[in-house]
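Asks: Pasting a structure here, questions to come.
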Amino acid sequence: MNIVVPVRLVPDLVEEINVDPGGTALDASWLRLIINEFDDHAIEQAILLKERGGGQVCILAPSVEGVDDVLFTAAAKGADRLVKLEGLTDVGLSSHALARALAPAIQALQPDLILTGVQAHTDLDGPVGPLIAESLGFPYVGYVASVTLQAGSASVRKEYPGGLVAGMEVRLPAVLGIQAAEKPPRYVAVSKVRQAMQTARIETQAAGEIDASGALAIQRMFQPEAAGRATMIDGEPAEVADRILEILRESGIV
Amino acid sequence: MSQDVFVVIEHLRGRVADISYVMLAAARALTKGTGGQVVAVLLGENVQALAARLAADRALSIEHPALAEFTPDAYPKALAPLIKEHQPRAVFLGNTSVGADVASVLSARLGLPLVSSCLRVTAERRLTSQVCGGKIMAETELPETTTLITMVPGGYSSEEGQSDQAPALSSAPAPALDDLRVTLTQYYEPEAGDVDISKEPLLIAVGRGIQNEGNIELAEELAKSLGGIVCASRPVVDQGWLPTSRLVGKSGKRVKPKLYLALGISGAPEHVEALADSEMIIAVNTDPAAPIFAVAKYGATIDLFDLVPELTERARAARPA
Amino acid sequence: MPIRETFWNIPHWAEIGQYVLAFLTVAVFTWGVIRRILRWRMGQPALRSERFGKRVRRFVAHGVAQLRTAEEGYPGIMHLMIFWGMVMLLVGTILATIDWDVTRLFFRFQFLINGLYLVYELVLDVFGLFVLVGLGMAAYRRYLIRPARLQAIPSGYRAWEDGYVLWMLALIVVSGYLVEGLRIAVVRPSWAAWSPVGNAVASALTSLADPTSQAVHLAIWIIHGAAAFGFIASLPFTKLFHIVAAPLNILIGPFQPEGALAPARTHSGPGVRAWQDFTWKQILDIEACVRCGRCQDRCPAFASGMPLSPRDLMIKLERHLWERGNGRSLHGDVVTAEELWSCSACRACVRACPVFADQLGAIVDLRRHLVVEGTMDTRVQEALANLARYGNSFGQSERARAKWTQPIEAKIKDARREPVEYLWYLGDYASYSATLADLSRATVEVFRAAGLDFGILYDAERNAGNDVRRVGEEGLFEMLREKNEATLAKCDFKAVVTTDPHTYNTLKNEYPSLTGNGREVLHATELLDRLITSGKLRPSKRLGYRVTYHDPCYLGRHNGVYDAPRRVIEATGCELVEMPRNRERALCCGAGGGRIWMEEGKVRERPSESRIREAVALEGAEVLAVACPKDVTMYQDALKTTGHAERLKVRDVVELVREAL
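Residue numbers (my numbering), protein chains in the order written: chain A, 1 to 254; chain B, 1 to 321; chain C, 1 to 661.
Written as structure tokens, this is what we have:
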């Protein structure tokens with residue numbers, strides 16, 4: 001079983017996110033990149049599958065600042081191959097262009113299964129997983145929270161709103177958009193990551209011409225009305241508690 | 001290209017999802033500028049009843065046994081020829097476990113642009129999308145070709161997309177749906193036997209800020225004293241501190257209580273979108289920049305561990321035993 | 001002429017038999033000790049020879065005089081009596097052997113004669129009695145008082161050894177007195193009064209029956225000899241080995257500051273995976289354990305009902321070492337992850353241990369393996385991931401680290417940009433916790449009132465790594481330390497001050513580059529104490545509260561700072577009353593060693609709640625003074641859960657000072 005996990009780095013929302021003076025893009029000077037959390041789940045799911053049934057896990061990522069750490073961390077978790085694609089600056093890149101760049105590289109790896117995060121918070125033109133699936137001619141199932149493999153197919157659990165879950169059978173090769181791995185992504189000790197830095201090798205590939213055709217024209221980016229639309233209640237806990245109960249009484253809730 | 005706007009109605013297990021009405025409202029807003037009709041597109045088997053409350057100018061159904069239950073393989077296969085033939089101005093889908101799987105596939109297959117996470121649409125063909133976890137809004141102009149749009153809730157109420165009069169329903173031929181690569185094997189029902197938080201009028205919601213399982217008890221006591229029910233955001237349920245049936249969020253329940261008291265919840269969009277219909281939201285979080293304060297009516301930036309015992313005590317005193 | 005009648009009534013065959021038995025005993029003893037030494041050598045190396053003078057002093061104080069053992073009255077006196085009694089009896093036996101088998105045999109003279117012999121008899125008789133009294137106390141305690149810490153030895157771990165030691169010693173001494181009494185009863189030497197116990201036994205025997213049966217004497221003599229030799233032979237095979245291991249352990253113990261933790265060794269990966277990954281010193285620690293249970297008595301985890309007893313941990317490790325693994329895996333079969341994660345690294349066990357074992361070091365070494373395996377609470381994983389990425393456990397941006405300073409009008413100096421006398425290192429809690437921002441601002445006021453030249457690192461500060469290291473994530477600790485050292489190297493300052501004892505401990509003891517050139521690391525209470533003593537800071541009000549003070553583990557037990565905070569409290573005009581568990585014996589709040597990041601699990605009573613009850617029990621105490629930001633958090637929470645919020649207030653010492661200005 002050859003599992004390929006395309007991952008990407010996205011702006012870390014813990015940091016302040018600002019719009020650049022041009023008003024149509026994020027202010028890159030304040031951005032710090034972090035692995036897309038759903039991609040982190042995809043890596044975890046791939047490692048879990050490998051631990052259960054063997055196989056090879058290859059992580060593929062656009063080469064941006066911090067990508068080496070992401071790749072070595074994945075190696076420390078158990079990934080076998082690390083590939084970074086040069087020539088793609090992820091921030092601001094549309095999912096369509098990214099998928100077009102990733103697809104040939106993924107195809108060259110001859111995957112049986114592709115796991116990737118179901119979404120990223122920068123997806124303005126849709127998640128990248130189904131775009132990859134379509135360009136490779138593979139089926140796609142997103143919002144997946146559990147994967148079991150058998151010969152030629154995968155049984156997945158797809159989550160719907162409201163807690164309903166569907167069991168689906170997907171013919172392989174396929175692309176699965178991972179919503180949550182069966183277990184939360186594991187922490188790897190720094191010593192293991194440092195070890196991986198010495199033993200694992202990152203292969204570098206050049207991405208072909210970027211095809212950004214059909215990209216969306218962003219007219220304006222802005223922060224939604226400043227947080228604090230809420231009327232703030234200040235004071236000691238006792239005062240706040242009093243006020244809250246007063247509000248509840250006034251509005252007839254209690 | 002026609003000026004009609006298609007809305008792919010989302011339905012699961014015989015129920016039309018709220019997002020479908022939200023999309024109808026958005027589509028209506030768009031057609032005010034573009035002209036054209038709002039066309040509800042229903043995929044499935046015996047879907048007539050589902051059209052009853054759709055606020056659309058007309059409805060179009062494609063019926064086929066393979067569409068009886070949603071799969072991310074059959075839906076695009078059925079929709080692609082329809083879109084190709086009618087060339088609508090726009091096609092709305094939910095940015096959900098149903099619509100998001102379909103929209104990207106269609107976009108790639110038909111070479112059509114896709115605008116996702118759309119919150120609001122104007123008659124001037126401006127689309128506002130949420131990115132960066134709701135911290136940033138991105139405004140795009142509707143491209144001059146058939147465009148796929150996936151909608152998030154929050155911009156329109158579902159009532160706006162409902163009507164007492166069912167639209168006229170016509171049916172379109174189903175394409176050959178054989179050699180499907182994805183099949184539904186079974187549904188797993190949400191954990192039964194617990195309360196249905198989507199119907200509870202008073203919810204005490206806890207997030208990451210509750211810190212550990214033992215502290216759930218604090219929230220339970222408060223809930224008891226107020227006569228409410230405890231629910232949670234994703235991290236709490238992932239830890240197993242509360243069952244999945246108590247999850248408010250994208251893959252949990254949508255709720256619309258009279259009161260939603262959010263304790264230690266930062267307010268990620270997938271959580272916020274599921275509680276946006278609450279009548280009153282009061283948020284308590286030590287971080288004054290938490291996005292939850294943007295949707296809350298009242299907020300307090302104090303430690304929930306300071307507040308909750310005080311609140312419980314007062315509520316208990318006020319409530320006849 | 002008074003002379004020792006060696007081998008009175010002993011036939012020649014018995015005398016020969018004794019020598020044969022002695023030879024066999026020595027052989028078995030030697031074999032047992034060699035087996036131990038071979039096992040030490042299977043552990044990892046540890047150099048233990050520096051600071052010879054200090055070593056000898058510690059050896060004399062705690063190995064010979066047994067001062068730490070004597071810290072607890074009853075068991076202390078009990079052990080000292082048995083120990084010194086047996087030492088004197090051993091010395092007596094050695095003298096008798098020399099007298100008989102060396103000087104008489106080779107030099108044709110005996111020295112145990114006349115006055116010397118009489119004193120010899122008297123001393124031995126009296127010390128033998130000490131042993132018996134000590135054993136009586138031991139038996140009374142073990143079998144009638146039955147303190148919890150001596151009970152419930154895990155099954156399958158040779159609980160019989162405890163009784164064996166007691167009864168074997170009793171047999172040796174009682175049979176010795178009987179042999180002596182029987183001899184005196186028959187021989188009736190004129191100096192019999194010099195053996196008061198033997199003489200009394202003789203009188204008693206005479207009044208009971210005819211004591212002249214020489215066969216009975218011979219039989220008891222054989223029992224006495226066999227018991228004594230058996231005792232010696234069994235020494236390397238039972239917990240009696242502490243007679244060798246404990247003094248040796250005290251002699252070779254480390255001399256790094258008490259708060260410093262040994263760096264991780266990587267034998268089979270970082271930390272201890274299998275018993276051979278322990279150092280030979282750690283193996284000796286485990287062998288020296290006598291199951292006295294003092295560690296268990298002081299352990300906050302044990303007291304709150306968590307699945308850890310440091311005593312049982314040592315007992316289980318001892319058996320595992322003894323069996324050299326025997327196919328069982330150390331992690332899982334012997335020690336569980338739940339046990340190891342229960343520890344709050346408060347060091348109470350280490351401080352209590354009379355044989356100077358380092359239970360905490362062993363626990364952290366074992367945790368280091370768990371960290372590599374990923375066997376830990378998801379919340380710890382989250383905290384560690386946050387620390388790795390953002391340098392704080394709160395998972396907030398480092399840019400938000402100095403947000404608490406925003407309301408302060410006059411900007412605090414940026415120690416990265418200008419020289420300062422005191423570099424104030426805040427630590428995560430004082431920086432990020434919303435509830436502690438006021439306390440941090442109070443600290444600014446106090447420092448400014450004293451005219452202190454100080455600055456902070458703003459965004460450049462990272463968690464100092466104290467608790468990261470004690471969780472067992474050594475790699476992350478090193479990473480944080482590297483970053484902090486690089487930042488500090490670029491700053492110009494004379495000393496570091498911090499309100500956080502955890503930060504204090506690691507900066508002071510584990511950052512050699514920081515303290516290497518004589519720069520001081522001070523806890524805020526130490527600095528305030530100096531400022532008040534030197535008159536630079538003058539509290540003008542007398543607060544008059546009745547205050548009790550909680551010693552933070554990393555200020556007290558780890559670094560011996562007990563008096564400075566107390567002087568500061570008194571300088572604010574408060575009356576200080578002590579809780580029963582104070583100073584070295586202070587109870588941990590339960591937050592250390594990464595516990596603050598962990599799932600609490602099911603506990604009987606949280607350590608912090610137990611502490612609140614202890615403080616509330618003090619008559620009239622209004623304030624629980626603390627000197628650690630984590631304590632403020634822990635105890636304010638515990639005040640609420642115990643329902644004592646009206647009765648007691650938790651105040652940081654710095655806040656008291658501010659109020660008194």
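Glycine included, C-beta positions come from ideal geometry on N, C-alpha and C.
#1: Nearest CA to the CA of B/Q37: which residue from B/A29, B/L43, B/I136?
#2: DSSP three-state label for C/L426, please.
#3: Any beta carbon from chain C within less than 9 Å of A/Y302's own beta carbon?
#4: Ends of the beta strand (DSSP E) at C/H523?
#5: Determine, using beta carbons only, whether C/V179 and C/H217 come nearer to each other than 9 Å.
#6: Return helix, strand or coil for A/Q150, following the three-state DSSP convention.
#7: How would you call A/R249, buried or exposed, if buried means at least 16 neighbouring beta carbons within 10 angstroms?
#8: Are the beta-carbon atoms of B/D4 and B/R89 separated by less than 9 Å?
#9: In the DSSP assignment, what are the bridge partners of B/F92?
#10: I'd like to check one pair, C/V497 with C/L480: are the Cβ atoms closer than 9 Å?
#11: B/C132 versus chain A: which residues are under 8 Å apart at the beta carbon?
#12: Shorter than 9 Å from the beta carbon of B/G155 to some beta carbon of chain A?
#13: Across the region 351-369 of chain C and the region 439-459 of chain C, are there enough close Cβ pairs to call them in contact, namely three or more that are closer than 8 Å?
#14: Closer than 9 Å, CB to CB, is A/V64 near chain C or not?
#15: If you measure from the beta carbon of A/V193 to each beta carbon in chain B, is any gap under 9 Å?
#16: In chain order, what residues of the same chain have a beta carbon less than 7 Å from the beta carbon of B/M151, not counting five sequence neighbours either side?
#17: Where do the N-terminal and C-terminal ends of the alpha helix (DSSP H) with C/K508 fall, by residue?
#18: Along chain C, which residues have their Cβ under 9 Å away from the Cβ of B/P309?
#19: Give the straight-line distance between the Cα atoms of C/H79 and C/F237, rounded to the nearest whole angstrom.
#20: Have a look at B/G214 and C/E338 and give me their C-alpha separation to the nearest angstrom.
#21: Mapping DSSP to helix, strand and coil, what is C/N114?
#22: Against chain B, does C/Q636 count as a neighbour if the rule is that its beta carbon must be under 9 Å from one of theirs?
#23: Looking only at its chain, what residues have a beta carbon closer than 7 Å to the beta carbon of A/V147, apart from the 5 residues adjacent to it on each side?
#24: Select from A/D69, A/A215, A/E169, A/A99 the residue whose C-alpha is nearest the C-alpha of A/A200.
#25: Taking 9 Å as the CB-CB cut-off, is B/T140 touching chain A?
#26: If you check the beta carbons only, do A/V286 and A/L85 fall under 9 Å apart?
#27: Can you find the residues in the same chain that come closer than 8 Å, C-beta to C-beta, to C/L169, ignoring five residues on each side of it along the sequence?
#28: Quick one: grab the DSSP three-state call for C/D333.
#29: Per DSSP, what are the beta-bridge partners of B/S61 in this structure?
#30: Count the other C-beta atoms from every protein chain shown that fall within 10 angstroms of the C-beta of B/A321, then say buried if there are 16 or more, exposed otherwise.
#31: So what does A/E169 bridge to, in DSSP terms?
#32: Can C/A437 and C/W424 be called in contact, C-beta distance under 9 Å?
#33: Helix, strand or coil for B/R126? Go by DSSP, reduced to three states.
#34: What is the rounded straight-line gap between the Cα of B/L43 and the Cα of B/P143?
#35: Under the DSSP definition of a beta bridge, which residues are partnered with A/F222?
#36: Quick check on A/A189 - is its C-beta less than 9 Å from some C-beta in chain C?
Replies: From the atom records:
#1: When only C-alpha atoms are compared, the closest one is B/A29.
#2: If DSSP states are grouped into helix, strand and coil, C/L426 belongs with coil.
#3: Summary: the structure shown does not reach residue 302 of chain A, with chain A confined to residues 1 through 254, and so no result is reported for it.
#4: It spans 520-523 - the beta strand (DSSP E) in which C/H523 sits, taken as one unbroken run.
#5: Yes, these two residues count as a Cβ contact at 9 Å.
#6: Correct three-state label for A/Q150: strand.
#7: That one is exposed.
#8: Yes, these two residues count as a Cβ contact at 9 Å.
#9: DSSP, once it has assigned bridges, lists B/V7, B/I149 as partnering B/F92.
#10: A distance of 9 Å or more separates the beta carbons of C/L480 and C/V497.
#11: Going along chain A in sequence order, the residues near B/C132 (Cβ under 8 Å) are P11, L13, I17, L26, H121, T122.
#12: Using a Cβ-Cβ cut-off of 9 Å, B/G155 does not count as an interface residue toward chain A, since no Cβ of chain A sits closer than that to its own.
#13: When Cβ pairs closer than 8 Å are counted between the two stretches, the region 351-369 of chain C is seen not to touch the region 439-459 of chain C, the count staying below three.
#14: For A/V64, the answer is no, since every Cβ of chain C falls outside 9 Å of its Cβ.
#15: Not one chain B Cβ lies under 9 Å of A/V193.
#16: The answer, listed in chain order, is I19, V22, M23, A26, F92, G94, N95, C118.
#17: For C/K508, the uninterrupted alpha helix (DSSP H) segment begins and ends at 501-510.
#18: Ordered by position in chain C, the residues that pass the 9 Å Cβ test against B/P309 are K640, T641, A645.
#19: Using only the alpha carbons, I get a separation of about 21 Å.
#20: Spanning the two alpha carbons is a distance of roughly 17 Å.
#21: In the structure shown, C/N114 sits in a helix (DSSP, three-state: H, G or I).
#22: At least one C-beta of chain B is nearer than 9 Å to the C-beta of C/Q636.
#23: Excluding residues within five positions, the ones whose Cβ falls inside 7 Å are Q45, L49, A154, V156, L176.
#24: For the options A/D69, A/A215, A/E169, A/A99, the alpha carbon positioned closest to that of A/A200 is the one of A/D69.
#25: Contacts with chain A at 9 Å (Cβ-Cβ) include B/T140.
#26: This structure cannot settle anything about residue 286 of chain A, because the visible part of chain A is limited to 1 through 254.
#27: Counting only Cβ-Cβ distances below 8 Å, and skipping sequence neighbours, we find I82, M86, V131, L135, F231.
#28: It is helical.
#29: Beta-bridge pairing links B/S61 to B/L42, B/S171.
#30: Note that B/A321 scores a pLDDT of 46, beneath 50, so its modelled location is shaky and nothing firm can be said.
#31: A/E169 is bridged by DSSP to A/S155, B/T183.
#32: No. Outside cutoff.
#33: In the structure shown, B/R126 sits in a strand (DSSP, three-state: E or B).
#34: Whole-angstrom Cα-Cα distance: 26 Å.
#35: As computed with DSSP, A/F222 is found in a beta bridge with B/M137.
#36: So yes, A/A189 belongs to the interface.
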